[in-house]
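Each protein sequence line maps, in turn, to chains A and B.
Per the numbering used here, residue 1 is the first one in the first sequence, and the count goes up by one each step.
Per the numbering used here, residue 94 is the first one in the second sequence, and the count goes up by one each step.
Note that beta-carbon positions come from the ideal geometry of N, C-alpha and C, so glycine has one too.
2 protein chains.
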Amino acid sequence: MRDAAEEAATVLKALSNPSRLLILCQLVEEERTVGEMEKSLGLGQAYVSQQLARLRDEGLVSATRDGRLMRYRLSDPRVTPVIRTLYEQFCSQ
Amino acid sequence: MRDAAEEAATVLKALSNPSRLLILCQLVEEERTVGEMEKSLGLGQAYVSQQLARLRDEGLVSATRDGRLMRYRLSDPRVTPVIRTLYEQFCSQ
DNA sequence: TTCACATATTTCAATATTTGAATATGTCCG
DNA sequence: CGGACATATTCAAATATTGAAATATGTGAA
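In structure tokens form, the structure reads like this:
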């Protein structure tokens with residue numbers, strides 16, 4: 001229980017930043033390119049890439065190269081339900 | 094969407110600490126006294142009280158005095174589903 | 001090879017968080 | 001009132017996070 005709390009807290013910390021949260025929300029829908037996320041979020045390239053690096057380190061997303069693009073997707077099945085619940089509670093008016 | 098993300102991220106930050114998360118997990122079940130939480134979590138009095146103060150500031154819990162005891166409960170209906178989802182994902186082996 | 005595009009990494013100052021220790025406040029009882 | 005119990009607040013040092021700026025790396029096309 002204590003260990004589960006440690007692990008959940010680590011994941012929550014990764015989610016507890018507005019930009020990272022929006023990135024993850026997008027990825028719940030489907031794979032995305034770094035450039036797509038930059039544009040839809042209106043954030044700078046370096047910053048988005050930096051946040052993605054952090055999410056990668058935490059094991060929450062993974063990426064594959066596709067030509068000069070990098071396609072990101074969620075890689076921890078535990079976070080999808082969490083994001084969905086957050087969406088229901090904070091985004092449906 | 095941006096505002097919702099800001100708000101959700103603020104709540105997630107409050108949840109992203111193992112002690113606070115365990116406190117909130119307990120409160121999903123039922124009201125609890127500071128002393129009860131101290132004992133069941135094995136944490137010091139000052140520390141528990143400090144984390145509760147933070148959760149109060151964020152509006153996630155509220156308390157009422159009952160003699161010399163303080164009874165805490167969840168006060169933001171949005172967090173209960175989030176905690177339940179976390180429990181399903183991180184605590185059911 | 002060279003250029004332009006797409007993405008990644010490093011670095012840094014400002015700011016926030018974490019936790020323990022000491023101390024304060026509020027309440028009941030005799 | 002005075003003491004014991006329950007809880008709260010304050011303080012501070014160590015550590016972590018934030019977000020911007022500069023720079024580096026990988027890839028395809030000419």
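Asked: CA nearest to the CA of Ala53/A, picked from Ser40/A, Leu74/A, Gly42/A; Found: Leu74/A
Asked: Start and end residues, beta strand (DSSP E) containing Arg68/A; Found: Neither: Arg68/A is in no beta strand (DSSP E) and is coded neither H nor E.
Asked: Chain-ordered chain B contacts of Ala4/A [CB-CB under 8 Å]; Found: Phe183, Cys184
Asked: Supposed contact pair Gln182/B and Val82/A - C-beta distance, whole angstroms, cut 8 Å; Found: 6 Å
Asked: Contacts that Met130/B makes with chain A (C-beta to C-beta distance below 7 Å); Found: Result: empty, since nearest Cβ-Cβ is about 13 Å, beyond 7 Å.
Asked: Opposing strand residues paired with Arg32/A [DSSP bridges]; Found: Tyr72/A
Asked: Host alpha helix (DSSP H) of Glu181/B (start-end); Found: 172-184
Asked: Contact between the segment 101-111 of chain B and the segment 3-12 of chain A (3+ Cβ pairs under 8 Å); Found: yes
Asked: Below-8 Å beta-carbon distance, Arg164/B vs any chain A residue; Found: no
Asked: Partners in chain A for Ser168/B, counting only beta-carbon separations shorter than 9 Å; Found: What Ser168/B touches in chain A: nothing, since even the nearest Cβ is about 14 Å away.
Asked: Three-state class that DSSP yields for Ser16/A in the structure shown; Found: coil
Asked: Chain B contact for Arg54/A (CB, 8 Å cutoff); Found: no
Asked: Touch test, the segment 59-75 of chain A against the segment 149-160 of chain B, Cβ-Cβ under 8 Å, three pairs minimum; Found: no
Asked: Rounded C-alpha distance that separates Phe97/B from Gln138/B; Found: Looking at the sequence provided, one finds Ala at residue 97/B rather than Phe. The alpha-carbon atoms of Ala97/B and Gln138/B are separated by roughly 34 Å.
Asked: Opening and closing residue of the alpha helix (DSSP H) in which Leu145/B lies; Found: 138-150
Asked: Cβ-based burial, Arg84/A [other Cβ within 10 Å; buried from 16]; Found: exposed
Asked: Asp57/A to Ser185/B span [Cα, whole Å]; Found: 24 Å
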